[in-house]
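Okay, structure first, notes after.
Numbering (our numbering), first residue to last: 48 to 234.
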């Protein structure tokens, strides 16, 4: 059957019964760009979420994990498809990411909310750095940007902040008060 050749062997796939499709490299290559973006979704058992491909007018194929929570659709990006994997991910890589998201969905109930909660917790943890670490991160960013003022800024921080105010340098950056900064500036 011609459809088996394009979409891969799927039980019950005939004529217009395209919702039963399973993506293959050949079927993804057969998705040609149109003047507006369009989506194609792979078949999956109810409740498991689906692998979805959005084809852009440029020909780029973006892959997503689409699932439903409380009656609403949610999408998680899996990456851009590229058969060779040079300008994106291979179908095998996309399927692995899809399985990871689907398994996380089964464990958490809402994978997107779960990932956002992890991201928020990580952001809170990053904010727990000391004032000294914040100053070091700033000078490091100057260094990575190849700024000529890097050495000068390091020296200023050492002379005017680190040496005279070791207590402040050890404090959590989010605990520094405006009065602490005024104390540094008054010196």
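Beta carbons are placed, not taken as given, at the ideal position from N, Cα and C, and that holds for glycine.
Kindly identify the DSSP beta-bridge partner or partners of residue i.
i	result
residue 111	99 and 124
residue 177	219
residue 119	116
Using a Cβ-Cβ cut-off of 8 Å (strictly less than) and excluding sequence neighbours within five positions of residue i, which residues of its own chain qualify?
i	result
residue 189	196, 197 and 200
residue 209	179, 182 and 216
residue 104	80, 81, 82, 83 and 84
residue 219	175, 176, 177 and 178
residue 223	178 and 215
residue 127	107, 108, 109, 110, 134, 135 and 136
residue 86	99, 100, 101 and 102
residue 132	140
I'd like the span of the beta strand (DSSP E) that includes residue i, first residue to last.
i	result
residue 201	First-last for residue 201: 197–204, but that is the alpha helix (DSSP H), not the beta strand (DSSP E).
residue 86	85–88
To which residues of the same chain is residue i closer than 7 Å at the C-beta, ignoring the five residues directly before and after it?
i	result
residue 16	The question about residue 16 has no answer here: the residues shown for the chain are numbered 48 through 234.
residue 234	207 and 211
Where do the ends of the alpha helix (DSSP H) carrying residue i lie?
i	result
residue 149	138–155
residue 74	72–76
residue 129	Run containing residue 129: none; DSSP gives neither H nor E here.
residue 94	Looking at the DSSP string, residue 94 is not in any alpha helix (DSSP H), and its letter there is neither H nor E.
residue 233	225–233
For residue i, I'd like the list of residues in its chain whose CB is within less than 6 Å of its CB, leaving aside the five on either flank, ordered along the chain.
i	result
residue 148	112, 123 and 158
residue 106	80
residue 171	none
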